[in-house]
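Numbering (the numbering used here), first residue to last: 404 to 800.
Note sheet for the following structure.
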Amino acid sequence: MIETSARVKSLPGYPLAEIPSIKRRLIESGMDVIDLGAGDNDTPPPRIAVDAMTDALADPAYSKYGFQQGLPAFRQAASRWIEQRFGKRFDPVTEILPLIGSKDGLAHLPFAVVNPGDATIVPEPGYQAYLGGSLLAGAEPYIAPLLPETKFLLEMERVPAAVLQRACLAFVNYPNNPTAAVATPEYLERTVAVCRRHDILLAYDNAYCDLTFDGYRAPSIFEIPGASEVALEFFSLSKSFSMTGWRLGFAAGRAELIGALTRVKSYTDTGPFLAVQKAGAAVLDRAEEVVAPIRQELERRRDAAVPALRDAGFSLELPKAAMYLWVALPGIKSADFSRRALEEQGVVVLPGSGFGPAGEGFFRIALTVGPDRLRQAAERLGRVLAATRRGELATTA
Ligand SMILES: Cc1ncc(COP(=O)(O)O)c(C=O)c1O
404 MIETSARVKS
414 LPGYPLAEIP
424 SIKRRLIESG
434 MDVIDLGAGD
444 NDTPPPRIAV
454 DAMTDALADP
464 AYSKYGFQQG
474 LPAFRQAASR
484 WIEQRFGKRF
494 DPVTEILPLI
504 GSKDGLAHLP
514 FAVVNPGDAT
524 IVPEPGYQAY
534 LGGSLLAGAE
544 PYIAPLLPET
554 KFLLEMERVP
564 AAVLQRACLA
574 FVNYPNNPTA
584 AVATPEYLER
594 TVAVCRRHDI
604 LLAYDNAYCD
614 LTFDGYRAPS
624 IFEIPGASEV
634 ALEFFSLSKS
644 FSMTGWRLGF
654 AAGRAELIGA
664 LTRVKSYTDT
674 GPFLAVQKAG
684 AAVLDRAEEV
694 VAPIRQELER
704 RRDAAVPALR
714 DAGFSLELPK
724 AAMYLWVALP
734 GIKSADFSRR
744 ALEEQGVVVL
754 PGSGFGPAGE
764 GFFRIALTVG
774 PDRLRQAAER
784 LGRVLAATRR
794 GELATTA
């Protein structure tokens with residue numbers, strides 16, 4: 404009998420794992436399903452990307468292994484993009500690393516820095532790759548709850564001193580998934596200061612930096628003085644450019660840290676498909692032109708969904724960024740609510756508890772369908788809320 408490892412057994416269930424099969428069953432039974440689950444935008448990938456990829460597919464050179472540097476043009480485009488977007492310069496050869504989606508870099512990073520007995524600081528609710536990567540690398544994750552009263556900010560100063568002493572890595576993500584919270588420069592300064600004081604690598608996950616609304620601009624961690632000594636930043640082409648399935652992102656930071664992650668990855672993969680890197684380079688060079696309509700559409704969706712959900716009885720903030728709404732659910736278990744929403748009303752939403760127990764009391768909506776469908780979804784979710792409340796009254800009466 405082959406036993407799986409204790410590390411694999413320690414992984415909690417992945418929140419999105421069971422939804423596709425339930426959804427398929429409901430669609431087969433004739434139900435009209437509105438899927439607001441995964442953060443997978445419905446807008447098509449950019450024409451520029453498709454054309455660059457098509458050219459690359461016709462050239463056998465792009466079908467080779469991307470050993471070593473991968474496609475230098477992608478590294479250069481990533482470096483130019485960071486410089487133009489945030490005013491910081493990173494050497495394309497030593498300070499940038501192409502990733503098979505930013506998940507690749509975030510999940511593999513613990514292997515580069517964790518030693519036995521080390522702790523990682525993991526936000527909850529949060530993107531599950533931080534926890535999974537930490538557990539697989541043998542780290543002891545310290546779960547830092549993101550709470551409404553601290554505006555869903557991971558407050559390093561609230562982490563116990565004993566944990567800070569053992570911690571080698573902290574994951575910080577703003578604009579945030581799933582809460583859509585954003586970070587102020589003052590918060591980032593405090594966070595960098597704690598990381599510097601305790602020699603903690605700050606993995607700053609900036610996957611949503613270009614999906615911002617109402618004129619808000621999301622900063623890079625490297626805009627904070629002193630951050631370059633302790634931080635690596637992770638960027639993704641998935642969300643800004645509707646390229647989730649293409650699997651492309653990159654990390655930026657000090658050469659020694661990028662070098663350590665490169666070394667880990669040289670044993671686990673051979674980098675993103677070169678043709679995808681060519682497409683990525685083309686998109687990054689025209690990033691603002693590509694992302695502007697996606698951002699506008701998300702803002703339109705947010706502006707349709709938030710009042711519709713409030714009308715339906717829910718309470719939620721108007722987010723400044725990301726592509727999610729984090730909706731409060733007092734008194735109802737989020738997993739029960741989400742299951743009823745799917746099975747009775749055909750609406751896929753993610754329970755807060757799927758992002759870890761500290762996410763309980765909320766559910767997440769991804770703005771992945773147009774305004775009309777979002778309004779329809781809000782109405783259906785309102786029916787589930789009303790039915791659940793009636794049910795609760797009935798049982799307590
Ligand atoms: C916070 C956060 N970081 C990173 C990622 C990974 O993105 P990708 O691997 O597609 O670049 C996601 C995807 O949902 C995310 O929500």
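Heads up, the beta-carbon is just placed ideally off N, CA and C, and yes, glycines get one too.
Note that the coordinates shown come from a computational prediction; the quantities given were computed from them, not determined experimentally.
| Check | Outcome |
| --- | --- |
| In angstroms, rounded to a whole number, what distance separates the CA positions of residue 578 and residue 501? | 21 angstroms |
| Who pairs with residue 635 in a beta bridge, going by DSSP? | 606, 656 |
| Please list, in chain order, all residues of the same chain as residue 689 whose beta carbon is under 7 angstroms from its beta carbon, the five residues on each side excluded. | 451 |
| How long is the line joining the alpha carbons of residue 705 and residue 731, rounded to whole angstroms? | 16 angstroms |
| Residues bridged to residue 765 by DSSP? | 731 |
| Which runs of the beta strand (DSSP E) spanning at least 3 residues fall entirely within the region 520-564, listed in chain order? | 522-527, 543-548 |
| What first and last residue would you give for the alpha helix (DSSP H) that runs through residue 405? | Taken as a continuous stretch (DSSP letters only), residue 405 belongs to no alpha helix (DSSP H), as it is neither H nor E. |
| Could you give the distance in angstroms between the alpha-carbon of residue 796 and the alpha-carbon of residue 725? | Residue placement at residue 796 is flagged as unreliable, the pLDDT there being 49, under the threshold of 50; a coordinate-derived value is accordingly withheld. |
| Mapping DSSP to helix, strand and coil, what is residue 502? | strand |
| Please check the pair residue 591 and residue 627, which I expect to be a contact at CB under 8 angstroms, by giving their CB distance rounded to whole angstroms. | 5 angstroms |
| With ligand 1 as the reference, list in chain order each residue whose Cβ lies under 5 angstroms from any of its heavy atoms. | 442, 504, 505, 506, 530, 576, 580, 608, 610, 639, 641, 652 |
| Between residue 446 and the rest of its own chain, which residues show a CB-CB distance below 7 angstroms, the 5 nearest in sequence each way excluded? | 645, 697, 700 |
| Helix, strand or coil, according to DSSP, for residue 741 in the structure here? | helix |
| Would you kindly report the start and end of the unbroken beta strand (DSSP E) that includes residue 573? | 570-576 |
| For the alpha helix (DSSP H) containing residue 456, name the first residue and the last one. | 450-460 |
| Residue 509 and residue 572: beta carbons closer than 8 angstroms? | no |
| Apart from the five residues just before and just after residue 555, which ones in its own chain have a Cβ nearer than 7 angstroms to its Cβ? | 549, 579, 582, 584 |
| For residue 751, does the three-state DSSP call read helix, strand or coil? | strand |
| Which partner residues of residue 615 appear in the DSSP bridge assignment? | 724 |
| Is residue 651 near ligand 3, judged by its Cβ being under 7 angstroms from some heavy atom? | What this structure holds is ligand 1, not ligand 3. |
| State whether the region 517-532 contacts the region 676-693, with contact taken as three or more CB pairs (one from each stretch) at a distance under 8 angstroms. | no |
| Keeping to the same chain, check which residues put their C-beta closer than 6 angstroms to that of residue 480; ignore five residues upstream and five downstream. | 684, 687, 688 |
| For the alpha helix (DSSP H) containing residue 685, name the first residue and the last one. | 677-688 |
| Tell me whether the beta-carbon of residue 769 lies closer than 8 angstroms to the beta-carbon of residue 439. | yes |
| How about the region 488-498 and the region 656-673: do they share at least three Cβ pairs that are nearer than 8 angstroms? | yes |
| Below 8 angstroms between beta carbons: does that hold for residue 410 and residue 567? | no |
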